[in-house]
Amino acid sequence: MKIRRAARLLPVVCLAISLSAPGQQRSRAGEFDYYLLNLSWSPEFCHGQPNSPECSGSQHFGFIVHGLWPQFRNGGGPEYCGQQPGLSDPARMLDIMPDVHLVAHEWAAHGTCSGLNADDYFGLIRRIFTALRMPPEFVSPARQFNIPPAELKRSFEQANPGLADADLAVSCAGPYLRAIEVCMSKDGRPMPCTAVRDCRTSILRVPRVR
Numbered sequence: 112m113k114i115r116r117a118a119r120l121l122p123v124v125c126l127a128i129s130l131s132a133p134g135q136q137r138s139r140a141g142e143f144d145y146y147l148l149n150l151s152w153s154p155e156f157c158h159g160q161p162n163s164p165e166c167s168g169s170q171h172f173g174f175i176v177h178g179l180w181p182q183f184r185n186g187g188g189p190e191y192c193g194q195q196p197g198l199s200d201p202a203r204m205l206d207i208m209p210d211v212h213l214v215a216h217e218w219a220a221h222g223t224c225s226g227l228n229a230d231d232y233f234g235l236i237r238r239i240f241t242a243l244r245m246p247p248e249f250v251s252p253a254r255q256f257n258i259p260p261a262e263l264k265r266s267f268e269q270a271n272p273g274l275a276d277a278d279l280a281v282s283c284a285g286p287y288l289r290a291i292e293v294c295m296s297k298d299g300r301p302m303p304c305t306a307v308r309d310c311r312t313s314i315l316r317v318p319r320v321r
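Just so we're aligned: the sequence shown equals residues 112 to 321 in this note's numbering.
Encoded structure:
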């Protein structure tokens, strides 16, 4: 893999900002329009962060939950809405958010704006993630493969009949798949994205799972 971009070297705590929509704003907890679920493609992240807990353990990940971000219809979303206590045991999220620092950051930056307590916020994340079915080609691929963004979205729609094109957005780092994003209502149902756009590459390169 010779084509890489410098932004891949950002740490996890900065990646949340780079992946989210522009125009982040402060707001009171619960004042937002919808959620953006970001499912990060772990092999792409791990290429630049091999020593991250997500990347250096014995378990090899495909899509993981990077975050569930409150968003405004016109773009961006609130951040750091308070100092509400996070999970008493963040390790219980490690099967789908494999870094306790990521869990803590996502709560501080985004969960505090949800209007939920930490147990309910992370419970919503788990409920949404568990309900999503991963397309077969993205379950532990042994080799890198290429796919157009539109076909990736079709794969998710076929695996999850409740999803539509308008509910999904594809994020990339140059030509490499970085994340698939799903717009969700406050009660966790798919809904059309209003200010999130697909990346512009015509062909995505999907790194293999380690």
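In this text, a Cβ means the ideal position worked out from N, Cα and C, and glycines have one as well.
If the five residues before and after Ala275 are omitted, its C-beta is found closer than 8 Å to the C-beta atoms of Glu268, Pro301 and Pro303, all from its own chain and listed in chain order. In this chain, the beta strand (DSSP E) harbouring Gln182 covers Phe174 to Gln182. Closest in C-alpha terms to Gly141, from the list Gly188, Pro260, Phe172 and Gly168, comes Gly188. Ile258 is bridged by DSSP to Leu315. With fewer than 16 neighbouring CB atoms inside 10 Å of its own CB, Ser313 falls in the exposed class. For Val214, no beta strand (DSSP E) segment is defined; the enclosing uninterrupted segment is the alpha helix (DSSP H) at Val211 to Ala220. 8 Å or more divides the Cβ of Ser282 from the Cβ of Ala270. In the three-state reduction of the DSSP assignment, Pro189 falls in the strand class, which pools E and B. In this structure, the straight-line span from the alpha carbon of Pro247 to that of Gly222 is close to 30 Å. Beta bridge pairing from DSSP links Met295 with Tyr146 and Pro301.
When the Cα atoms are used, Arg139 and Cys192 turn out to be separated by approximately 6 Å.
Distances from the alpha-carbon of Glu292 to those of His177, Phe143 and Asn149 put Asn149 closest.
Under DSSP, Ala284 takes part in a beta bridge, and its partners are Tyr287.
Ala306 counts as buried, since no fewer than 16 other beta carbons sit within 10 angstroms of its beta carbon. Around the Cβ of Val250, a 10 Å sphere holds fewer than 16 other Cβ atoms; the residue is exposed. Assigned with DSSP and collapsed to three states, Ser199 falls in coil, not helix or strand. When the alpha-carbon of Ala284 is set against those of Gly299, Lys264 and Pro260, the nearest one is in Pro260. Cβ-Cβ distances below 7 Å link Gly273 to Pro301 in the same chain, with the five nearest sequence neighbours on each side left out; the list follows chain order. Contact annotation: Val317 and Trp180 have beta-carbon atoms that are not nearer than 8 Å.
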